[in-house]
Amino acid sequence: MRRRTFRRIRAQAEACLHHHVYVVLLDPKAANDPKILQENPARNPAKPCVYVGMTGLPPAERFQNHKLGIKAARIVQRYGIRLLPEFYECFNPMPFEAAAVLERELAEDLRAKGYTVTGGH
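Structure, rendered in structure tokens:
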């Protein structure tokens with residue numbers, strides 16, 4: 193009885209840990225977008241332009257969806273180059289609520305470090 197209960201509880205806990213934050217490297221041309229420039233007044237042009245997002249899919253699959261135009265952020269579809277797992281893989285996976293908070297905080301932290309950031313809302 194105990195073993196079955198433990199397995200059920202563990203399966204439920206693992207089921208809610210399927211959200212991810214991710215960071216996409218964007219082509220430097222993305223920084224010419226007026227909205228992105230407005231969101232990043234203190235940007236360091238020497239640092240890359242990135243998109244921060246969250247998803248219930250594995251980040252690689254979500255990036256592919258962006259590039260294919262499936263529920264895509266226009267900026268990632270047009271300017272997305274590749275994922276930057278060094279910025280996010282240590283956090284994943286997590287519950288939805290944690291991913292929603294971390295998405296905003298990661299975007300704010302990268303922006304504070306001089307990156308040109310979009311997404312992260």
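First residue of the sequence shown: 193, per this note's numbering; consecutive thereafter. Yeah, the Cβ is synthetic: ideal placement off N, Cα and C, and Gly gets one too.
- Cα atoms of Glu281 and Ala234: separation of roughly 26 Å, rounded to the nearest angstrom.
- The three-state reading of DSSP puts His211 in strand, counting E and B together.
- According to the DSSP assignment, Tyr271 belongs to the alpha helix (DSSP H) that extends over Arg266 to Tyr271.
- Annotation for His210: Gly248 and Pro285 place their beta carbon closer than 7 Å to its own, counting only its chain and skipping 5 residues before and after.
- DSSP, read as helix, strand or coil, puts Arg235 in coil.
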